[in-house]
Every structure is written in structure tokens, then in C-alpha cells.
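One line per chain: the protein sequences are A and B, in this order. Whatever position you read off the first sequence (first residue = 1), add 1395 for this note's numbering. Whatever position you read off the second sequence (first residue = 1), add 221 for this note's numbering. Quick reminder that beta carbons are idealized off the backbone N, C-alpha and C, glycines included. In what follows, a single structure is set out as C-alpha cells and then discussed.
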Amino acid sequence: MTGSTSLLARSWKQKQTKIGTAIILVVLFIAIAGPWLAPYSATEFVGPPFTGSTSAAPLGTDVLGHDVLSRTLRGGLFVVWSSIAAAIVAMLIGVTLGLLAGYRGGFTDGLTMRGFDIVLAFPQLILVLIFVSLIGPKAWLIVLLTGIALSPGVARVTRGLTQEVAQRDFVRAAELMGMSRRRILWSEILPNLSSALLVEFTTRMIWAIGVIASLAFLGLGPTSDVGNWGLMINENRVGLPIQPLGVIAPVVVMAGFAVGTGLIAEGISRSMARIEGARTS
Amino acid sequence: MTVRDLRVELRSGEDVVDQIGFDVAPGEILGVVGESGSGKTTVGTALLGHTRSGAEITSGSVEIEGTDILRLDPRQLSGMRGRVVTYVPQDPASALNPALRIGSQLREVMRVHDAYSGERDARIEQILADVRLPSDRDFLRRYPHELSGGQQQRVAIAMAFMLQPTAIVLDEPTTGLDVTTQAHVLETVRRLCAEHQVAAIYITHDLAVVSALAQRVMVMYAGRIVEIGDREQVLFEPRHPYTQQLLRAIPSVKERTRLDLIPGAAPSPGHRPSGCSYRTRCPLAAEGCAEITPGLEGIGPAHAAACLRLEETKAGTYKAPTLPDLTEVESPAPLVSLESVEFAYGDNQVLDSVSLDVHQAECVAVVGESGSGKTTLSRILAGLLAPAAGQVRFDGEALPSTARSRSPELLKSIQYVFQNPYGSLNPRKSVGEILSLPVAQFGIGSRGQTRDIVAAALDEVGLSEDMIDNYPQELSGGERQRVAIARALVGQPKLLICDEVTSALDVSAQAGIVSLLRKLVDESGLAIIFVTHDLALVRSIADRCAVLEKGTMVETGASSLVIDHPSHRYTRELIADTPVVNR
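Structure (C-alpha cells):
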């Protein structure tokens, strides 16, 4: 009846969590199994550009006459894995520094938080854009930079939570035992943040989807013939009045990815409020 | 106020409280007593037609001035609340809006109910005078956090009496306060109820408080009334075994008694045993008790108890056996000695030249109100605060001031038990994990022995080994505090610092902790510094006591001598303010 396991079990009872998980599973299925299911390759010509729905191409063709359905099925993997990876990077950096800043306070706190203020001063997309345009649109670079750009938010949340937990008496008790700071952070404080950080992770993933899709839209995704959802929107937007499906298909899956994640976050935080509310009364 | 057949159910259909019925006459105070989990707060809020979410009032009536408030629609109900029937919560700090000035909050009460228009300032002045608070502009412009706990509670009481209610529900309003403030609040409540002829329900776990305040007493257990009657009847001729055991658990400032814990905890809704809910903890339980659910049975005029064995309880005693007073221990060298220790927060001198010795196998109580510096003193010894001046010696050597600069051996020798067991145990760790921490940290025993050491520690504090996989939230307050004490004992310390360790607990759990600590002093030769504001506890547990007033030690000596023959004015005041059960 405690810890994150029971939190997940409780969240599962929330309607939002179930709907969110269902949507995410569909999107993941499209992204992962899509390449095998696609009727055509990503570069095959199946008809004149911007043809509407036909029996051969149910979602019509794109700006170059490729099959929209096949490109949607094949172009998801990058957006999905890179946004998850970027959220993980953001959590690793943000949680580590947030814990340190929140527990140690003083100089460490000031230095870390001012450092993050500088990162925050640049809009996330611009920050990533600067380096990607300098070094080149490499997938690892995009993931790393997006992670770094999102980490200040994570760090702020973690720092606040840490400060609150650190003033509780069980942390005093650990200090009086002479426990090292690292162990106090790792085994006394961090487990008490896990549920809140779970919500934080899902929220940061939505941000990451936004940043990475925008980069792809701007043509700064990793270059490949397969293309990706963000790029598809860019390519097909000129045809929007005649063949809207070329834009709508990638938008729907990406929106599903973001909304599904958001619903799960909402479900977890609702049941968290309930558990924590019950604890105080 | 007339309450009949009140029942509050959880959504699952289990009752939280059931068959609650009583009358309170104008000007009368009914004390509602029970442990945590007895349903007393549920009854209290139900009298205002309110339940916590997930619960629901399913039957019964609450008549105030002839109106059944449970039959009112939400709009009529809010019109009654705060005007005809009012509520004073346990924690005034959370009941007052931190963003509003005191004056605005008081005025708000009248504005909401459209009362006293045109003469609101006069009413505020009047009601603040009633609760003995100033009503000058400066005071009214303050925010709640600028007031002391006692002042906040008096503001809450002023708000409750503002519109001259017919009935008022007070839910443990003095629990967080020290004895002196508590005595003032109790006096205020008693006077206002009598002057304004208000029917009051006073909810508490402390029978001593009830003794000082109520005309009638209702004892609750597991959601039922187990005994109800006039103050004299319930306190001096108690007939329910639970009431008798509760009374035995109260420490007295007059004499040292054996404090007995009531084993186990009150069962929660859905987990109550068949028949009489109390039978699992009752010393008189016999065969019939599991089958028949006892109803309230009249014993005398206005006195009733729900027990099948009322014949036998007549002979039962509610007076705890008296124990000889503790005397000062003779010991050559002190284990701990403080010499002219000083501490200040800015200009605020918290400790002023305090000197104190503690010997092996001795319990020394440090007594005082909040703000007396008693917690600061214990935190300095523990190494959580560094003294500004003075010297602390432990075992003959100077004690490094902060925990980080102390050797592992010293950290092991001086252990600290925190006031609130709800905050001192990591909610994400099981009891076993919590107790293994010091084992690993101090390198006690060899690798395979951890579980045995943990089991031995649990046994030492009177807990079962089965508890090893439980999490703190699954334990009662008393059990949690025992786990915290077990954690402190794992390293076999020489000195145990206990900072108000019973103030968050029920009287019966408190009795258990006090006997446990005393046993440790007598049998293991542990030295204990017991910080408290309750002189009755001091008599039960401490060989010597030191009384602190605003950072200065005003009196020290053998506990019984200090309490029976106090030489300082402040000690006399403390003794007078300590509530006792007496005629």
C-alpha cells in the first residue's frame, strides 16, 4: 500500500489514465510496427502529387506523389524515441542538480539555479536550433540538446520538492546517524519524490514532443529518405487546401502522442493528490 | 441540542459511527472522549451536517433550536453554520486564512451572515475582550502568523462565539498548545459557554481536560458510545472497562502512578470485531462478548454504559496503583554536563547561561512552555544546533558541536527521538528498512545478523517482529513512536534525548511510551533527557527535573520535591495549569 507501485495501481483506476494509455499504445504501435505494415516504401510514387483518398492510397499522396499512409507509418519512430530519450536526459540532469541544490542550499543552490536561469533565458527551441545548425542535425545531438533545454524546469520542481522533504525529521534522523549526503539524497529523499517526478517526466515528454516535432518541421530532423511526422507537415502544408490529409495524418498521431501522455500525467497526479490528501487527514 | 440515532457511513456501507444520541442543554459542556479512530471528530463535524469526502450521514437527526439541521438544503445549512452552530478546529493555524488580517477575518464572519451591520467594530471589540485579546488597531492589522498558537486559537474561538451561536463544537482545540496556554483557552471556553448559555461539545482524548471543563462526559470507542453520564459519574464511578483503562493511563501531578497502556489500537471501520468491539482489548472479555453487541444500559439517572459485564465492572478500579516517587541518583561523574550554555537567534536570547548535569541511569526532565528554550537545549546536545557560548562535555570530554564533526562512536552514543513520529519515519521505507539503517551506518554486528538485531530492537520496545514489513502509515501513532525509539536503541546509546515524544499521542499510547522509557533507564542504565511541558509526566518518568523559563533555568531538583514544594513562581504557575482528574 505504499510507494510508486500502489500509486500506479491507483492511477489505473482513473479514467484518464486508461484512455491515455490506450492512445499511447496505438501511437507506439504505429511508430514501431508501422514500417512493416506500410503498403509502399517511403519513396515510391503511387500517384500524382496531392491526390485525395483513393482505394490504392487511402490517405492520398503527398507533395512528391508518395503514399501519405506509408509515410505516416514509417515516419513515427524518430519522433517517438527521441522525445522519450530527451525527457529521460532532462530528468537525469534536472533531478540530480535539483536534489543537490534543494538539499545543500547556499552556494550550490545559487550557482545551479543561476546557471539554469541562463539556460531558461533562451527559448528552448532557439537554444536547440543554435547548436543543431552549427553541428548538424544529428539525432543524438537533438536528443541531448532538447534534454538540456528542458532540464531547468525539472530542476526547479525537484529543488522545491527536495526542500520540502529535506526539512522533515527523518532526514534530521539520518543526519544524526552520520549518513553521507549522497546516501541521504539517494535513499531517504529521492524515494519520497518518485510520484511527483513521474508526473514531471510525462509533462516534460509533452514538451519534448513539441520541440522535436518543431525541429523536424523546420527541416532540422535527422536527414533520411523516410522523413518524419514533423517534416511531413512542412512538406505537405502547401497542399493543405487540396489534400489536407497529408498534414492531418501526422498531426493526428503526434497530437495523440502528446494528449495521451498528458492524460496519463493527469491520472497520476489526481490519484497522487488523493493518496497524499488521505495521508494528511 | 438534541442528537438522535446518528449514523455516518463510508461509501462501502461500513459505518464510521452509529447509534449516536445525546442531549446538550444550553450553557452545558459535553466532553467527547476517545482515542484516535474512535469516531469523535466524525460526530463533531456531523453536528454541522458535514462529513469528510467518502463518508455520508445516512440516518439520525441533529436538532438545534427545534430545527433538524440534517434535513436542511445546502443553502439553509450554510445559513446555520457559523451563526447558529459553529466549529473550532484543532489547528487554528490552518483554520485562519494566512493572507487575511485578523480584523478582516473577524469582520468576514459578520458580513457573510449579514449580522451586526453598522456596529461590527463594536462587536469585534466586545468579542476580543471576551477572549482576553487586545482589540487595538495594531492587533487587528496583524496576520495570523504574527500571533502565538494560543492567540490564534483564541481568535478562532472569538469567531465561533461572534454571532452568539446556540451550539458550538470544539475539536481538540488545545492539543497543540502547552499547559499554560491550554489553561487559558479552557478558562475562556468555560466562561463564554456559561455567560452566553451556549451548548458546547468538547472533543478530546484527554480525560484530564474534560475533568477541568465538562459537566457531562461521553466516551466513544470504535464509532459507538460506550459510556455517557455526568462528569462525576464517568470520572469517579466509571463502569465501562475502556473508561476505566483510559483513566488509569492519565499521569497525575499529585502522585506517581503506574501508567498502563491499553494494548492494541482502536479498530477502523470494516475491521471491527463481532459483538462488543472492545472485547479484543478488554481485560474482562469473556465468551458472550463475541456474540452479543452490548447496547447502552442505564446505570443510574443520566448514566449509561455499553458492556455485558457491568456487574463485574462495579468492582473494577479506575485508579492506577501508586508508585514510590523517584529519588535523585547518586553518581560520581556526570555523563553529560552543560556549563553556561548560551544560544540566540539574532537578538532573541533563547538560552541564557544554562548548566545541567545528567548521570548514567538517570532521567532528567527539561520542563517549560513553548519558547522556553527546551527544544533548543536538546537540539544542541544532539548536534543539530551549535551553542553560541558555553561548554558541553560528554563522558568527560568536550563534545564537538555539530553532528557532522562528531565521531561515529559519539553519534552512536547520543540518540535523539523526535517529537512527531509522523515526520520522523521515512514513509517510503518499511519498519525493517528503517531499523536496518543504524545497523549498517554504525557497523553493528556482522552481515547476516541485521535481521536479528532489528527483531531484538522491536522486541525491546514491545513491538512484534511481524511488523518488520509494515510501512509507517500502517501503524498507529504510538507504534510509530516505538519504532522511532527502537531506531535510537539499535546502537545501544548512552544518552537518549526525547523531545516531547508523547505530545502527538493519545493518553493511552503515551502511558505505554512513558513506561517503556522508564524501564530502559532502570534496566539498561540509559540516561534520558525528557523534554516536556507536562509536569504530570515528569513525576511519572523523571528522577530530576529542570524548569526553563524564557531560556533561563529557574528551578532544578528531584522531580517530586520540585512538584510538591516548588520554590519558583513559574514552577507554581505550571503546576496550577496542569489539568488533573479531581473532584
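Cβ pair residue i, residue j closer than 8 Å
i, j, result
"Leu384 (chain B)", "Arg322 (chain B)", "no"
"Val440 (chain B)", "His461 (chain B)", "yes"
"Pro621 (chain B)", "Pro693 (chain B)", "no"
"Gly772 (chain B)", "Val571 (chain B)", "yes"
"Val557 (chain B)", "Phe615 (chain B)", "yes"
"Asp1457 (chain A)", "Arg1466 (chain A)", "yes"
"Ala732 (chain B)", "Ala470 (chain B)", "yes"
"Ile424 (chain B)", "Asp451 (chain B)", "no"
"Leu756 (chain B)", "Thr799 (chain B)", "yes"
"Arg627 (chain B)", "Gly653 (chain B)", "no"
"Tyr308 (chain B)", "Ala415 (chain B)", "no"
"Val783 (chain B)", "Val768 (chain B)", "yes"
"Met1600 (chain A)", "Ile1479 (chain A)", "yes"
"Leu434 (chain B)", "Arg412 (chain B)", "no"
"Val166 (chain B)", "Val438 (chain B)", "Residue 166 (chain B) lies beyond the residue range present for chain B, which begins at 222 and ends at 804; the question has no answer from this structure."
"Leu482 (chain B)", "Pro472 (chain B)", "no"
"Val217 (chain B)", "Ile520 (chain B)", "Because chain B here runs from 222 to 804, residue 217 (chain B) falls outside it and cannot be looked at."
"Ala316 (chain B)", "Val352 (chain B)", "no"
"Gly611 (chain B)", "Leu577 (chain B)", "no"
"Ala1534 (chain A)", "Phe1612 (chain A)", "no"
"Leu684 (chain B)", "Glu695 (chain B)", "no"
"Val1520 (chain A)", "Ser1582 (chain A)", "Here residue 1520 (chain A) turns out to be Leu, not Val, going by the sequence shown. No, the Cβ-Cβ distance between Leu1520 (chain A) and Ser1582 (chain A) is not below 8 Å."
"Leu227 (chain B)", "Gly300 (chain B)", "no"
Contacting residues, own chain, Cβ-Cβ under 8 Å from residue i (five flanking each side not counted)
i, result
"Gly698 (chain B)", "Ser257, Pro642, Tyr643, Ala725, Leu726, Asp727 and Ala730"
"Thr387 (chain B)", "Met222, Pro247, Ile285, Glu286, Val305, Val306, Val419 and Ala420"
"Arg232 (chain B)", "Gly275, Ala276 and Glu277"
"Val711 (chain B)", "Leu656, Pro659, Val660, Phe663, Ile665, Ile674, Val675 and Ala678"
"Leu407 (chain B)", "Thr395, Val430, Ala433, Leu434 and Pro800"
"Ala797 (chain B)", "Ala404"
"Leu631 (chain B)", "Phe615, Leu620 and Pro621"
Residue burial classification, residue i (beta-carbon count within 10 angstroms, cutoff 16)
i, result
"Asp764 (chain B)", "buried"
"Lys633 (chain B)", "buried"
"Pro629 (chain B)", "exposed"
"Tyr566 (chain B)", "exposed"
"Lys540 (chain B)", "exposed"
"Ser593 (chain B)", "buried"
"Asn569 (chain B)", "exposed"
"Phe1440 (chain A)", "exposed"
"Thr262 (chain B)", "buried"
"Leu1529 (chain A)", "exposed"
"Ser1619 (chain A)", "exposed"
"Trp1624 (chain A)", "buried"
"Thr1675 (chain A)", "Any reading at Thr1675 (chain A) needs caution, since the residue's pLDDT is 37, under 50, leaving its predicted position unreliable; the model's value is listed next. Burial call: exposed."
"Pro608 (chain B)", "buried"
Same chain, Cβ closer than 7 Å to residue i, neighbours up to 5 away in sequence not counted
i, result
"Phe639 (chain B)", "Ser645, Ala705 and Asp720"
"Asp399 (chain B)", "Glu590, Ser591 and His754"
"Leu269 (chain B)", "Arg302, Val306, Tyr308 and Val390"
Close-in-space but distant-in-sequence residues of the same chain around residue i (CB under 6 Å, 5 per side omitted)
i, result
"Ala1481 (chain A)", "Val1538, Thr1541, Gly1542 and Ala1603"
"Ile689 (chain B)", "Val652 and Gly653"
"His524 (chain B)", "Gly450 and Gln454"
"Leu1556 (chain A)", "Leu1588 and Ala1591"
"Met1667 (chain A)", "Ser1590"
"Leu1492 (chain A)", "Thr1507 and Ala1550"
Proximity test, Cβ basis, 8 Å: residue i and chain D
i, result
"Arg1499 (chain A)", "Absent from the structure is chain D; the protein chains it does hold are A and B."
At least 3 beta-carbon pairs within less than 8 Å: the segment 1648–1665 of chain A vs the segment 1399–1416 of chain A: yes
Contact the segment 753–768 of chain B vs the segment 580–588 of chain B: 3+ CB pairs below 8 Å: yes
Segment contact flag, the segment 438–458 of chain B with the segment 489–498 of chain B, C-beta cutoff 8 Å, min 3 pairs: yes
Any 3 or more C-beta pairs closer than 8 Å across the segment 1502–1510 of chain A and the segment 1450–1464 of chain A: no
Inter-stretch contact (C-beta, 8 Å, three-pair minimum) for the segment 395–412 of chain B and the segment 359–376 of chain B: yes
Complete beta strand (DSSP E) runs within the segment 616–659 of chain B (minimum length 3 residues, chain order): Within the segment 616–659 of chain B, the complete beta strand (DSSP E) segments at least 3 residues long are 635–638, listed from N- to C-terminus.
Cβ pair count under 8 Å reaching 3, the segment 1543–1550 of chain A against the segment 1487–1499 of chain A: yes
Cβ contact check for the segment 477–496 of chain B and the segment 743–750 of chain B: 3 or more pairs under 8 Å: no
At least three beta-carbon pairs within less than 8 Å, the segment 1645–1659 of chain A to the segment 1416–1427 of chain A: yes
Segment contact flag, the segment 1569–1585 of chain A with the segment 1509–1529 of chain A, C-beta cutoff 8 Å, min 3 pairs: no
Sequence ranges, beta strand (DSSP E) only - wholly within the segment 374–460 of chain B, length at least 3: 388–392, 420–425, 437–442 and 445–451
Any beta strand (DSSP E) of 3 or more consecutive residues that is wholly inside the segment 237–299 of chain B: 250–254 and 276–285
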